[in-house]
Structures are given as C-alpha cells and as structure tokens.
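Peer 1: By our numbering, the letter at position 204 of the sequence shown is numbered 230, and the numbering carries on one by one without gaps.
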Amino acid sequence: MITVEPLPAFEGDCILVNLDGSFILIDSGTKETYALSLKDRLHELSNQKKVIDLAVLTHIDKDHIGGFLSLLSDKEANIQIREFWYNTFKPLSTPIESHVSRRGQRIIFSENRAVSDAMDLTKLLNNKKIPWNISFEDKVVEQTLYKSVMIGNANIWIVNPDKDKLQKMSKEWLRQTGNLRHANPQGEELFRISLEDDENKSYDELTKLKPEIISSPTNESSIAIIIEYEGKTLLFTGDASQKALIYALEEWCRINQRPQSFDLVKVPHHASYRSTNFEFYEKFKASNFIISTNGIKHNHPSVAVLAQIIKNNPGCNIVFNYKDNRGCKYYSNRKKIPPDIKYQILLDKVEL
Ligand SMILES: [Zn+2]
C-alpha cells in the first residue's frame, strides 16, 4: 500500500511517502517544522528500524529546506538517509564559463548569506556522510524523461528542472551571493494579488478567473518527480512552474505511453493563484491532490485554483495538512458551491 502524509510544515512542504515500508521524504518545511512534526515522525520510523530510502529537497527556499537543516544538526537524530537529492551551486556552476564560476566561488565564501542555507546543507550532508545525488552524472538532478531511477521497487523520473531552469538558478545563485537584494521585492505585492481570488466569490465566479503568472528562479528550479510504484503514478512538483511541467509531462506521457492522469498530484507552490497555469488541470487529471500550507504567511491556497481542480476532476480527494486555511474552510462548508459539484476533503494523509 502507498501512504502519502503531508506533515504540518507551516507555509512549506514536508511530505512523507510510504511505499510498503520503503520511505521517501520530499522537502522538510521550515526550520520549526522539525520540532513541530518531523522529529517525532522520524523517531517513530527509526524505532521501527525503518530508514529513509530517499530524501529530496525540491529547491532551496526556506519553507522547503529548513527542517533538513534542523534534522541534520540534531545530534540525537538517528534516522538513516540512504540517498539525498538536491541541486546546489558547485555542480550547477560547471556548465557556466569558468570566470563566472570563479567569481561566484570567491563571492560565496566572503558573503555566505542569502543562499547560506543551501551551503550549510552541503556541509551537513558531507559531515554526516550522507550520499547525495549519486544517482546522477555530475551530481546535478536534471530532467530525464526517457530513463527512470530505481529506488527500492519504485521507478522515479525527473520531470523538472531542465537545463534552461538550471542555468537560471545558477545565475540566481550568483546574484544572491553577490550581495544583491535577497528579500523578495515583490513580497507585499504578491500578498495583495493573492487577495484577487476572493473567498467571497461563488464557486462559479471562481472558475472564471484567469491569473497572470509570476515565478522565481528558485521555484522554477524545483525538482519535480514522478514516482511509479505497483501500477500507481504519483507526481510531486515542488514549486515548479506549471508551464514547464505541462511540456515535460506531455513528453513523458508520450515517450512512456502513459495516460495523462495520475493517482496523486502534489499541487505546485501551495496552490498559489499567481503561479498556477489553469491549463495544467485541463490537461492532467488525478484522483488525489495534496495541498500543503497553513495559509498564514502568503494567504495560500487560492480558492480559484481549487475550483479548477474540482471542476476538472469530479469526485477527487483534496488532502490538506491544515484545516484552518481559507481553501479548506471554503470547500468544507460548501455554502457557495452548487450541490452537484462532488469532491471529498481529507486531512493529513491519504492511502492509495
Ligand atoms: Zn514553497
């Protein structure tokens, strides 16, 4: 049996996938997520003599990397991690001309600030001798639609990032380490925009909204994977751009002769309004959707994104890890939703 548990991770993701006792941990939420939920869950696993077969950090944003930093700094933690996947600067810098790379390294070691979390992670993984990116040439986790990586009995394909997104991230890495503005200059603007898809609107009004898409190089660099196990396919997207996902997934389905439907989709970027390409939900179907966010910091998830999911996937399960975000509230009380619209709300975990 497959169990997927989105642990409470504040505004981030921390998702534990159990494939008949083989465990994959995707992201780790904020730093506080470790003390709040991840520590106890991993302790339970190590007591049962289980290991994490694969840990994946989709991208280096604080709401995804934080818990890993706390876990790897915790001297009492005794869970074994067999392999770790993430993208960090050094392997990323190899395709760029040497002068850029040299300059980047000089600045990194003198500045050590904005992307310091990711550099700390590398140090911690090396100190703990946790093998990272050993399944990939050049230690870069990069799109591979033709060939899967076997982890236990599961096949895993990398859907994102492609070369272009990695190049963008590599430049972003240099920008951040070059002591340029790290704080998201669009932060307040994004929060204001997130109010456009208003929960005062009816379900029918929500289905007619069309956002303009905003993205960031870190989100776009997200490692997105398909896990195929015992005939079931699960798509984990990090915060990847849906435009890139649409293209890669159509290719993947064509190459591997799979239908454009999944048993489970982790909704990208906490179902944010301005990073959702609604076409994605017209093209790809699923029976289960994971929404990971408490909604406090960024007002996620968008009620309009949820309307698209429900409209295109009648009878689907929406799995939340917090019940007091606006999306869960809006769709739990059903006041503004026509009675013939069918879906179920689940909390904290789903079994497939
Ligand atoms: Zn995120």
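For every residue, glycine included, the Cβ atom is placed at its ideal position computed from N, Cα and C.
For clarity, every value in this text was computed on a predicted model and none was experimentally measured.
Taking only heavy atoms of ligand 3 into account, decide whether any of them is closer than 7 Å to the Cβ of G93.
Peer 2: Inclusion of ligand 3 in the displayed structure is not the case, the ligand content consisting of ligand 1 alone.
Peer 1: What does the alpha-carbon distance come out to for the pair I371 and I316?
Peer 2: Approximately 10 Å, taken between the alpha carbons.
Peer 1: Does any heavy atom of ligand 1 sit closer than 7 Å to the C-beta of G38?
Peer 2: Within the cutoff, so yes.
Peer 1: Let me know the beta strand (DSSP E) ranges lying completely inside the stretch 235 to 301, each 3 residues or longer, listed in chain order.
Peer 2: Fully enclosed beta strand (DSSP E) runs of 3 or longer: 250 to 255, 258 to 262 and 290 to 292.
Peer 1: Can you find the residues in the same chain that come closer than 8 Å, C-beta to C-beta, to I466, ignoring five residues on each side of it along the sequence?
Peer 2: Because the chain spans 27 through 378 in this model, residue 466 falls outside it and cannot be assessed.
Peer 1: For E137, does the three-state DSSP call read helix, strand or coil?
Peer 2: At E137, the pLDDT of 33 sits below 50, so the modelled position is not reliable and the matter cannot be decided from this model.
Peer 1: Count the C-beta pairs between the stretch 322 to 332 and the stretch 269 to 286 that are closer than 8 Å, then say yes if the count reaches three, no if not.
Peer 2: Counting Cβ pairs under 8 Å, fewer than three are found: no touch.
Peer 1: With a cut-off of 5 Å, give the chain-ordered residues whose Cβ is closer than this to any heavy atom of ligand 1.
Peer 2: For ligand 1, the selected residues are D89 and D265.
Peer 1: CB Y348 to CB T319, shorter than 8 Å?
Peer 2: In contact: Y348 and T319 (Cβ atoms closer than 8 Å).
Peer 1: Please determine, among S196, G38 and P285, the residue with the shortest C-alpha to C-alpha distance to G264.
Peer 2: Comparing Cα-Cα distances from G264 to each of S196, G38 and P285, the minimum goes to G38.
Peer 1: At a cut of 8 Å, does the stretch 65 to 72 reach the stretch 273 to 282 through at least three beta carbon pairs?
Peer 2: Output reads no: the stretch 273 to 282 does not touch the stretch 65 to 72.
Peer 1: Following the continuous alpha helix (DSSP H) through K65, name the residue where it begins and the one where it ends.
Peer 2: Segment K65 to N73, the alpha helix (DSSP H) holding K65.
Peer 1: Find the nearest neighbour of D53 within the set I249, N359, W278 and I363, judged by alpha-carbon distance.
Peer 2: The candidate whose alpha carbon is nearest that of D53 is I249.
Peer 1: Can you give me the Cβ contacts of R207 inside the same chain, cut-off strictly under 7 Å, excluding the 5 residues immediately before and after it?
Peer 2: Caution applies to R207, whose pLDDT of 40 falls short of 50 and renders its modelled position unreliable; the value that the coordinates give is listed next. The answer is none, since no qualifying residue turns up.
Peer 1: Going by beta-carbon coordinates alone, are M176 and T244 separated by less than 8 Å?
Peer 2: No.
Peer 1: Is A312 near Y255, with beta carbons less than 8 Å apart?
Peer 2: Going by C-beta atoms, A312 is not nearer than 8 Å to Y255.
Peer 1: Quick one: using the 10 Å Cβ neighbour count with 16 as the cut-off for buried, is S57 buried or exposed?
Peer 2: The identity of residue 57 in the sequence shown is Lys, whereas the question assumes Ser. It is buried - the Cβ of K57 has at least 16 other Cβ atoms within 10 Å.
Peer 1: Identify, in the order they occur along the chain, each residue of the same chain with its Cβ nearer than 6 Å to the Cβ of T170, setting aside the five sequence neighbours on each side.
Peer 2: Result list for T170: I184, in chain order.
Peer 1: Am I right that P237 and T302 are in contact with their C-beta atoms under 8 Å? What's the rounded C-beta distance?
Peer 2: The pair is a contact, with the Cβ atoms about 6 Å apart (cut-off 8 Å).
Peer 1: Drop a sphere of 10 angstroms on the beta-carbon of P340, count the other beta-carbons inside from all chains shown, and report buried for 16 or more, exposed for fewer.
Peer 2: Burial call: exposed.
Peer 1: Beta-carbon within less than 6 Å of K197's beta-carbon, same chain only, minus the 5 sequence neighbours each way: which residues are those?
Peer 2: Closer than 6 Å at Cβ, skipping near neighbours: no residue.
Peer 1: Determine the contact status of K189 and E168, defining contact as a CB-CB distance below 8 Å.
Peer 2: In this structure, E168 lies closer than 8 Å to K189 by Cβ.
Peer 1: D374 and E31: beta carbons closer than 8 Å?
Peer 2: In contact: D374 and E31 (Cβ atoms closer than 8 Å).
Peer 1: Does the Cβ of M27 have 16 or more other Cβ atoms within 10 Å, making it buried, or fewer, making it exposed?
Peer 2: By the 10 Å Cβ count, M27 comes out exposed.
Peer 1: Expressed to the nearest angstrom, what Euclidean distance is found between the alpha-carbon atoms of E305 and I344?
Peer 2: Each residue's alpha carbon lies about 19 Å from the other.
Peer 1: Kindly indicate which residue of D87, I253 and I336 has the alpha-carbon position closest to the one of S242.
Peer 2: Among D87, I253 and I336, the Cα nearest to that of S242 belongs to D87.
Peer 1: Terminal residues of the continuous alpha helix (DSSP H) containing S99?
Peer 2: Element bounds for S99: K88 to S99.
Peer 1: Tell me which same chain residues have a C-beta within less than 8 Å of the C-beta of S99, skipping the five on either side of it?
Peer 2: Result list for S99: L150, in chain order.
Peer 1: Measuring only the C-alpha atoms, how far is N226 from R300?
Peer 2: Rounded to the nearest angstrom, the two C-alpha atoms are 18 Å apart.
Peer 1: What residue from N314, H295 and F310 has the CA that sits closest to E327's CA?
Peer 2: Rather than Glu, the amino acid found at residue 327 in this sequence is Pro. Ranking the options by Cα distance to P327, first place goes to H295.
Peer 1: With distance defined between alpha-carbon atoms, name the residue in W111, Y112, K65 and D89 nearest to L97.
Peer 2: Considering only alpha carbons, the answer is K65.
Peer 1: Considering only the beta carbon of each residue, do L68 and A35 sit closer than 8 Å?
Peer 2: Result no, Cβ atoms of L68 and A35 do not sit closer than 8 Å.
Peer 1: Quick check: D143 and L95, are their CB atoms within less than 8 Å of each other?
Peer 2: Yes, these two residues count as a Cβ contact at 8 Å.
Peer 1: May I ask which residues mark the beginning and end of the beta strand (DSSP E) holding M176?
Peer 2: Segment T170 to I177, the beta strand (DSSP E) holding M176.
Peer 1: Could you check if D230 is buried or exposed, using at least 16 other CB atoms within 10 Å of its CB as the buried criterion?
Peer 2: Per the 10 Å Cβ criterion, exposed.
Peer 1: With distances taken Cα to Cα, identify the nearest neighbour of L172 among L275, N325, N44 and L232.
Peer 2: Here the sequence assigns Tyr to residue 172, which means Leu is not the residue at that position. It is L275 whose Cα lies nearest to the Cα of Y172.
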